[in-house]
Amino acid sequence: MGFGVLGIRGLLALTSVPGVFGAVVERAPGPAPVEIIERDVVIIGGGAAGSHAAVRLREDFKKSVVVVEKDVLLGGHVDTYIDKTGAPRDYGVQCYFTYDDALDFIRRPALNLTLMPGLSRAATGFEATVRNVDFTTGKELANFTAPDAMVEIGAIVAMYQVLTSKGYDKMIEPGFYNLPAGPQIPDDLLLPVGQFAAKYNVTAALAKMYESTGGGPQARDSNFLNIMTLTFLQSFSPSWMKVFFGAADLFYVQGGNQKLYDAIATLLGKDVLYSTTVTSTERTATGVKVKVRGPSGTKVIKAKKLLVAIPPTRENLAPFDLNAEETDIFAKPTYGRYGTAIVTHPKLTPGQELHNMPTSAIADPYAPFLNTAHVLTFSSYGTDTDLFSIGVSSSGSSYAAFDERAATRVAQQSLEKMALAGTLPKLGCKKLTVVEWSDHGPGGFGVTPAEMRAGWMDRMYGLQGKRSTWYTGNAIAIDFTTQLWKMNDETIKRMLAAW
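Pasting the structure below:
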């Protein structure tokens, strides 16, 4: 069945609104009693890292857990939309790739899921007709010649060989536990990625890498080539490079990748608090007290350990009782914003992909980089549907300034420019419809090379275990699900060893 413009998130959100799917409950006047929850571990965030950690801790290590999740479902930016035909349309995470034994997590019998080879987004056998358009002018590039695919793959292989021959992969994958202290970090990893590529003659790899990352790592910097190599490798890791030359395989969950997190939700049951946020914390060396607020009011969670599985941004950590050391560490990073959506408009042609390609790429197709907030592609899900997926990068705009409304405005303006240039038919009064939106959070989370050299990452990792608090997630690890899970495994091992 389909859920129309509400989608799964909207439908679930309605269930918590009094009077929509149930009667309004009258309560006696006076303050409600505060429920006390006691657990071994309280986990903040039910995305890829938090959900996985909850299952591993509870099912494999017999620790009691509770997950505090602000959304109405688990999975973070792993999003599946069920269209009116019942077909799943993934618009967040498209696939999982082989990394060590990480995919065994999905295969565990308790989840009862089936892994399928390949990508999940496109219909079987569907190949879009690609039109390269400069979204700033709206004009289609008639004389554009795409880069030579074999040259690109050869350059990716060469970059992989550079990284592995120097042992850089062991320093950064799956987390940064093995990254040398700031003064000993190799100079290569602190170079802008454009300089790194030029130094090792692998510049031809960057166009494909840029397209693959979809603008995520560029969210905090308007110039893609200026991104610090260490930051860039979080979004295009050495192990992900192996996918491009056939040394690693892709899989997706049959029925949509959201099914993984729905299965986790069923398994965890009442150990997840949905639509719930942290309002305050008290953390000591012997345990934590976390006050949260959700649909049923305020609760206090008392736990031996706290696992922070959300990006440690200033906004996210505002309710936490940060000490001076933590405040200094978390004040350093800057970040942009990246989001994905399913959209529709009657003037978008099913079966087509409109690819945002700057006019300058006609002269140099190996440098298709965009330096303002942008949609990279309008990608059709097939000739049988009017749905398109988009990804929108803030490209230097601040996290707070680039919300769903700002991203939608960028997408709408792109359509309007294409219509004015005659690339698309006249739009009339019809605006772009956002069917579902997914905030992928702080894209390009990072610090400067100077701050990294001064020891920011080892100070960040040095917080692990202090005040009974541990950290995981893509802000301090490689941003691929299977690699996040292996980062979790290492973090959990260390947490249990310090128990």
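Count the sequence shown with mature numbering (1 follows the signal peptide of the UniProt record, and there is no 0) and you get residues -22 to -1, 1 to 477, in order.
Here a beta-carbon is modelled for each residue, glycine too, at the ideal position from N, C-alpha and C.
Since this is a predicted model, take the numbers as computed values, not measurements.
Within a 10 Å sphere around the beta-carbon of A281 sit 16 or more other beta-carbons, which makes this residue buried. For D18, the closest alpha carbon among the candidates A351, S446, M465 is that of S446.
The criterion of a C-beta distance shorter than 8 Å is not satisfied by L365 and V111. For L93, the closest C-alpha among the options F75, M473, Q232, A185 is that of Q232. Within its own chain, the residues whose Cβ lies closer than 7 Å to the Cβ of F229, once the five positions on either side in sequence are excluded, are C73, Y74, L81, L93, M94, P95, listed in chain order. Sequence-distant Cβ neighbours of A319 in its own chain, meaning closer than 6 Å and more than five residues away, are I368, V412, W415. By the Cβ-count criterion, T244 is exposed, with fewer than 16 other Cβ atoms from all chains shown falling within 10 Å of its own Cβ. In the three-state reduction of the DSSP assignment, P170 falls in the strand class, which pools E and B.
The criterion of a C-beta distance shorter than 8 Å is satisfied by T115 and T337. As the crow flies, the alpha-carbon of A476 is around 13 Å from that of G265.
Across the structure, A379 and A385 are spaced so that their CA atoms are roughly 10 Å apart.
Its chain contains L52, G53, G54, H55, V56, A287, I288, G451 as the residues whose beta carbon lies nearer than 8 Å to that of G25, once the 5 sequence neighbours on both sides are disregarded; these appear in chain order.
In the DSSP annotation of this structure, the continuous segment of the alpha helix (DSSP H) that includes I150 starts and ends at 146 to 150. Within a 10 Å sphere around the beta-carbon of T207 sit 16 or more other beta-carbons, which makes this residue buried. A Cβ-Cβ separation of about 5 Å places V45 in contact with I21 under the 8 Å criterion.
At least 8 Å separates the beta-carbon of S376 from that of A106.
Per the coordinates, the alpha-carbon of V50 lies some 11 Å from the alpha-carbon of G272.
Judged by their CB atoms, A453 and L462 are not nearer to each other than the 8 Å cut-off.
In the structure shown, F356 adopts extended strand secondary structure according to DSSP, grouped into three states.
Nearest in C-alpha terms to T401, of all of S42, V12, V108, is V108. The three-state secondary structure of S416, taken from DSSP, is strand.
Between the region 307 to 316 and the region 83 to 92 there are fewer than three C-beta pairs closer than 8 Å, too few to call the two in contact. Per DSSP, A345 is not a residue of any alpha helix (DSSP H), being assigned neither H nor E.
Contact between L441 and E304 holds, since their C-beta atoms are separated by about 7 Å, short of 8 Å. Residue environment analysis places G224 among the exposed positions, since fewer than 16 neighbouring C-beta atoms fall within 10 angstroms of its C-beta.
With respect to G132, M465 sits apart: the two C-beta atoms are not nearer than 8 Å. Excluding residues up to 5 positions away in sequence, A133, A136, M137 lie with their Cβ nearer than 6 Å to the Cβ of V180 in the same chain. Comparing C-alpha distances from Y449 to each of A27, T58, E16, P11 shows the shortest one belongs to A27.
Each residue's CA atom was taken as its position, placing K248 and V278 some 15 Å apart.
In the structure shown, the three-state DSSP call for P95 is strand. For L285, the uninterrupted beta strand (DSSP E) segment begins and ends at 275 to 286. If you compare the alpha carbons of S373, S372, T327 with that of T361, the shortest gap goes to T327. Under the 10 Å beta carbon count, L167 is surrounded by 16 or more other beta carbons and is classified as buried.
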